[in-house]
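Colleague: Residue numbering for the sequence shown follows numbering that gives the first Met the number 0, starting at 0 and increasing by one per position. The beta-carbon is built from N, C-alpha and C at its ideal position, and this holds for glycine as well. Bear in mind that the values here come from a model prediction, so they are computed numbers and not experimental data. Handing you this structure, nothing more for now.
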Amino acid sequence: MRPALYWIRRDLRLADNPALHAAARAGRPVIPVYIHAPAEAGDWAPGSASNWWLHHSLQALADALAARGLPLIVREGESLATIVELIAETGAEAVHWNRLYEPARIEHDTRVKQRLKAEGIDAHSHNAALLHEPWTIQTGTGGDYKAFTPFWRACRRQAEPAPPLSVPTDLAAPDGARDLAGAVVPPAGITAPLDALDLLPRVDWAEGLRRTWQPGEQGAQDRLGGFMETALADYREGREQPAVAGTSRLSPHLHHGEISPRQIWQAVQTQLARHGAEGDRLDSAEMFLSEIGWREFAQHVLYHHPEFPDAPLNPRFADFPWQEDPGDQLLGAWQRGETGIPLVDAGMRELYTTGWMHNRVRMVVGSFLVKNLRLPWQAGEAWFWETLVDADLASNSLGWQWVAGSGADAAPYFRVFNPIRQGERFDADGAYIAQWLPALAGLPAKHRQAPWQAPASVLGDAGVTLGVHYPHPLVDLKESRQAALAAFEQIKKGA
């Protein structure tokens with residue numbers, strides 16, 4: 000039986016993998032291939048943190064495949080040309096892959112499928128990343144949703160997700176597969192060719208990422224299991240507190256396809272069946288599943304509005320009077336976590352160290368950039384894209400347009416998060432600030448949110464001199480809020 004190519008992208012797992020299952024159907028030999036072609040993402044090639052994750056996740060996948068007797072072929076170059084070359088080398092008669100939904104990927108994949116079918120190759124794409132594909136959820140008039148709540152209600156009216164697929168038991172490599180891979184994939188693994196892809200930073204800034212994450216399918220399963228046992232029951236409350244482990248932190252595993260939403264869905268149902276589906280536990284489970292729904296909503300919006308990552312969904316916001324920032328001084332201070340606003344700076348330092356930031360804090364730092372500093376949301380979107388290990392085009396764009404007030408189901412333009420009040424509410428003892436801003440750890444908790452308001456004696460006792468150990472505030476929160484509201488009024492009136 001002639002082999003099938005399994006073309007790997009962001010589906011770095013063996014379980015619940017429709018393309019891998021289809022390639023291996025009826026005992027057909029399978030040739031797994033990863034083709035490194037970042038240019039095919041258009042203007043949104045993966046950033047540095049995402050590339051770090053990809054390197055280690057590919058290594059984990061290669062090890063899992065090797066344990067089942069399959070070498071992973073790693074190639075670099077244009078995907079279609081590489082697939083055609085591999086078909087000629089292997090005699091493969093079928094190609095299977097899992098779909099991606101970014102505009103540039105859809106356009107490219109359409110060309111790949113058309114070309115392969117024209118040459119008589121059995122070419123199939125599959126859904127491995129979503130509970131519901133973007134075109135399957137429609138309003139009553141057949142349109143797309145602009146608000147999350149009705150979108151998620153429509154999703155919940157659909158049939159329950161199908162059970163996840165197990166790892167295929169009949170995986171087999173064709174004769175000569177290791178010879179085929181030999182020049183690219185050493186028999187003991189793929190360290191050399193992965194290094195050649197230049198995914199890791201040349202100056203090693205990733206120590207914090209290594210301490211925080213375990214990329215790969217096993218890491219995803221371990222994190223899911225830990226969350227189910229320790230945090231799901233209290234998710235409704237725990238998710239709001241950045242200093243505690245109250246969220247799943249599955250977003251980078253989901254983005255890279257190391258776990259599927261169907262697996263998460265099943266894990267939640269299993270947990271509810273085991274411990275009872277009622278009261279606070281059920282409320283927390285529904286809240287957690289709605290976060291999976293928010294990810295689905297982001298893909299829905301991007302699919303129907305492909306310009307979404309670059310342009311405001313509400314066209315009035317194209318004329319917003321952003322503040323001038325010569326030399327990117329304001330932007331640079333925000334990126335470095337040196338704004339003098341502790342909750343903002345703590346979040347930005349968590350991001351730079353770990354490649355991740357708590358969602359509550361993401362909203363605060365985003366609001367501060369767009370509304371207090373009055374800098375374009377696209378600048379924040381670009382920085383997150385470079386530094387987040389879960390940098391997802393749809394979710395990143397939706398989040399930034401939400402906080403800017405210009406996107407789907409966006410926060411009202413007049414909502415400006417007050418970092419002091421947010422900290423007092425969700426980090427009342429200042430533990431999160433103390434963790435990421437050790438210079439302020441000696442202050443009493445009530446002064447950590449706004450050290451410039453602390454008496455000089457309190458600052459002195461804590462060994463804090465503003466402007467030396469920690470910056471003065473970059474802007475006055477009240478005045479900058481009023482300036483933002485005035486700017487929003489301009490575009491509201493069409494001025």
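Would you call tryptophan 134 buried or exposed, if buried means 16 or more other Cβ atoms sit within 10 Å of its Cβ?
Modeller: Position 135 of the sequence shown holds residue 134. Exposed, because fewer than 16 other Cβ atoms sit within 10 Å of the Cβ of tryptophan 134.
Colleague: Residues in the same chain with beta-carbon distance under 7 Å from tyrosine 234, minus the five sequence neighbours each way, listed in chain order, please.
Modeller: Residue mapping note: residue 234 aligns to position 235 of the sequence shown, counting from 1. Around tyrosine 234: Gly245, Ser283, Met286 and Phe287.
Colleague: Could you tell me which residues DSSP pairs with histidine 125 in its beta bridges?
Modeller: For this step, residue 125 is matched to residue 126 along the sequence shown. Beta-bridge pairing links histidine 125 to Asn97.
Colleague: Quick check: serine 124 and arginine 156, are their CB atoms within less than 8 Å of each other?
Modeller: Here residue 124 is taken as the residue at index 125 of the sequence shown, counted from 1. Here residue 156 is taken as the residue at index 157 of the sequence shown, counted from 1. Taking 8 Å as the Cβ cut-off, serine 124 and arginine 156 do not qualify as a contacting pair.
Colleague: Going by the C-beta, is arginine 248 closer than 7 Å to any heavy atom of the ligand MN?
Modeller: Absent from the structure shown: the ligand MN. Ligands present: none.
Colleague: Measuring only the C-alpha atoms, how far is arginine 373 from glycine 46?
Modeller: The residue labelled residue 373 in the question sits at position 374 within the sequence shown. The residue labelled residue 46 in the question sits at position 47 within the sequence shown. Whole-angstrom Cα-Cα distance: 25 Å.
Colleague: Do you know how far the Cα of histidine 131 is from the Cα of glutamate 295?
Modeller: For this step, residue 295 is matched to residue 296 along the sequence shown. For this step, residue 131 is matched to residue 132 along the sequence shown. Their backbone Cα atoms lie some 7 Å apart in a straight line.
Colleague: For a quick check, are the C-beta atoms of alanine 22 and aspartate 10 less than 8 Å apart?
Modeller: What you label residue 22 is simply residue 23 of the sequence shown in a count that begins at 1. What you label residue 10 is simply residue 11 of the sequence shown in a count that begins at 1. No. Outside cutoff.
Colleague: Grab the span of the alpha helix (DSSP H) containing tyrosine 302 for me, first residue to last.
Modeller: Counting from one through the sequence shown, the residue named residue 302 turns up at place 303. Note, tyrosine 302: alpha helix (DSSP H), 278-303.
Colleague: Relative to the alpha-carbon of proline 102, which residue among Ala449, Gln434, Ser456 and Leu392 has its alpha-carbon at the smallest distance?
Modeller: Taking the first residue of the sequence shown as position 1, residue 102 is located at position 103. It is Leu392.
Colleague: Could you give the first and the last residue of the continuous beta strand (DSSP E) run that contains leucine 4?
Modeller: For this step, residue 4 is matched to residue 5 along the sequence shown. It spans 3-7 - the beta strand (DSSP E) in which leucine 4 sits, taken as one unbroken run.
Colleague: Can you tell me the Cα-Cα spacing of histidine 107 and leucine 253, whole angstroms?
Modeller: Your numbering for residue 107 matches position 108 in the sequence shown. Your numbering for residue 253 matches position 254 in the sequence shown. Cα to Cα, the separation comes out at about 22 Å.
Colleague: For leucine 281, count neighbouring C-beta atoms within 10 Å of its own C-beta (all shown protein chains included) and say buried if the count is 16 or more, exposed if not.
Modeller: In the sequence shown, counting from the first residue as 1, residue 281 sits at position 282. By the 10 Å Cβ count, leucine 281 comes out exposed.
Colleague: Who does histidine 35 pair with in a DSSP beta bridge?
Modeller: The count along the sequence shown starts at 1 and reaches residue 35 at position 36. BP columns for histidine 35 point to Glu75.
Colleague: Can you list, in chain order, the residues of its chain whose CB lies under 7 Å from that of threonine 352, leaving out five sequence neighbours each side?
Modeller: The sequence position of residue 352 within the sequence shown is 353, counting from 1. So the qualifying residues of the chain are Gly207.
Colleague: Does the Cβ of methionine 0 have 16 or more other Cβ atoms within 10 Å, making it buried, or fewer, making it exposed?
Modeller: Position 1 of the sequence shown, counted from the first residue, corresponds to residue 0. Exposed: under 16 other Cβ atoms inside 10 Å.
Colleague: Roughly how many whole angstroms lie between the Cα atoms of phenylalanine 416 and proline 2?
Modeller: Start at 1 with the first residue of the sequence shown, and residue 416 comes out as number 417. Start at 1 with the first residue of the sequence shown, and residue 2 comes out as number 3. The alpha-carbon atoms of phenylalanine 416 and proline 2 are separated by roughly 56 Å.
Colleague: Could you tell me whether the Cβ of glutamine 400 comes closer than 8 Å to any Cβ of chain C?
Modeller: Of the protein chains in this structure there is only one, and it is not chain C.
Colleague: Quick check: what's the CA-CA separation for histidine 303 versus glutamine 240?
Modeller: Walking along the sequence shown from the start, residue 303 turns up at place 304. Walking along the sequence shown from the start, residue 240 turns up at place 241. Answer to the nearest angstrom: the Cα atoms are 34 Å apart.
Colleague: In whole angstroms, what is the alpha-carbon distance linking glycine 398 and methionine 362?
Modeller: Within the sequence shown, numbered from 1, the residue matching residue 398 stands at position 399. Within the sequence shown, numbered from 1, the residue matching residue 362 stands at position 363. Rounded to whole angstroms, glycine 398 to methionine 362 spans 8 Å at the Cα level.
Colleague: Going by C-alpha to C-alpha distance, which of Arg261, Ser456, Ala219 and Leu196 sits closest to histidine 54?
Modeller: The count along the sequence shown starts at 1 and reaches residue 54 at position 55. The option with the nearest alpha carbon to histidine 54 is Leu196.
Colleague: First and last residue of the alpha helix (DSSP H) that includes aspartate 42?
Modeller: By 1-based counting over the sequence shown, the position of residue 42 is 43. It is not in any alpha helix (DSSP H) - aspartate 42 carries neither H nor E in the DSSP assignment.
Colleague: Apart from the five residues on each side of it in sequence, which residues of its chain come closer than 6 Å, Cβ to Cβ, to tryptophan 96?
Modeller: Along the sequence shown, one-based indexing puts residue 96 at 97. Only Trp6, Ala18 and Ser124 meet the Cβ criterion.
Colleague: Does tyrosine 144 come out as helix, strand or coil in the three-state DSSP assignment?
Modeller: The count along the sequence shown starts at 1 and reaches residue 144 at position 145. It is coil, neither helix nor strand.
Colleague: Near serine 56, which residues of its chain fall below 7 Å by C-beta distance, leaving aside the five closest residues on each side in sequence?
Modeller: By one-based count along the sequence shown, residue 56 stands at place 57. Here the set comprises Leu11, Pro214, Gly215, His255 and Glu257.
Colleague: My understanding is that aspartate 460 touches alanine 444, with C-beta atoms under 8 Å, so please give their C-beta distance in whole angstroms.
Modeller: What you label residue 460 is simply residue 461 of the sequence shown in a count that begins at 1. What you label residue 444 is simply residue 445 of the sequence shown in a count that begins at 1. So it is not a contact: roughly 14 Å between Cβ atoms.
Colleague: Taking the beta carbon of proline 454 as the centre, do at least 16 other beta carbons fall within 10 Å, making it buried, or is it exposed?
Modeller: Along the sequence shown, one-based indexing puts residue 454 at 455. It is exposed - the Cβ of proline 454 has fewer than 16 other Cβ atoms within 10 Å.
Colleague: Going by C-alpha to C-alpha distance, which of Arg359, Gly441, Asp475 and Arg152 sits closest to valine 402?
Modeller: For the purposes of this step, residue 402 is identified with residue 403 of the sequence shown, where counting begins at 1. Comparing Cα-Cα distances from valine 402 to each of Arg359, Gly441, Asp475 and Arg152, the minimum goes to Arg359.
Colleague: Would you decide whether phenylalanine 147 is buried or exposed? Buried here means 16 or more other CB atoms lie within 10 Å of its CB.
Modeller: Here residue 147 corresponds to residue number 148 of the sequence shown, with the count starting at 1. Its Cβ being crowded by 16 or more others within 10 Å, phenylalanine 147 is buried.
Colleague: Pop quiz: aspartate 318 and isoleucine 490 are said to be a contact at Cβ under 8 Å. What is the actual Cβ separation, rounded to whole angstroms?
Modeller: As a position in the sequence shown, residue 318 is number 319, starting the count at 1. As a position in the sequence shown, residue 490 is number 491, starting the count at 1. Confirmed, Cβ separation roughly 5 Å.
Colleague: Would you kindly work out how many angstroms separate the C-alpha atoms of aspartate 169 and leucine 79, rounded to a whole number?
Modeller: The count along the sequence shown starts at 1 and reaches residue 169 at position 170. The count along the sequence shown starts at 1 and reaches residue 79 at position 80. Taking the straight line from one Cα to the other gives about 27 Å.
Colleague: Alpha carbon to alpha carbon, how far is lysine 492 from arginine 315?
Modeller: Numbered from 1 along the sequence shown, position 493 holds the residue referred to as residue 492. Numbered from 1 along the sequence shown, position 316 holds the residue referred to as residue 315. The alpha-carbon atoms of lysine 492 and arginine 315 are separated by roughly 10 Å.
Colleague: Give the straight-line distance between the Cα atoms of glycine 225 and glutamate 88, rounded to the nearest whole angstrom.
Modeller: Here residue 225 corresponds to residue number 226 of the sequence shown, with the count starting at 1. Here residue 88 corresponds to residue number 89 of the sequence shown, with the count starting at 1. Rounded to the nearest angstrom, the two C-alpha atoms are 44 Å apart.
Colleague: If the criterion is Cβ atoms closer than 8 Å, does the pair tyrosine 100 and glutamine 298 meet it?
Modeller: What you label residue 100 is simply residue 101 of the sequence shown in a count that begins at 1. What you label residue 298 is simply residue 299 of the sequence shown in a count that begins at 1. Closer than 8 Å, so yes.
Colleague: Looking only at its chain, what residues have a beta carbon closer than 6 Å to the beta carbon of tryptophan 376, apart from the 5 residues adjacent to it on each side?
Modeller: Taking the first residue of the sequence shown as position 1, residue 376 is located at position 377. Within the same chain, tryptophan 376 has close Cβ partners Val369, Trp399 and Ala403.
Colleague: For glutamine 481 and phenylalanine 487, I'd like the C-alpha separation in whole angstroms.
Modeller: In the sequence shown, counting from the first residue as 1, residue 481 sits at position 482. In the sequence shown, counting from the first residue as 1, residue 487 sits at position 488. If you take the alpha carbons of glutamine 481 and phenylalanine 487, they lie about 10 Å apart.
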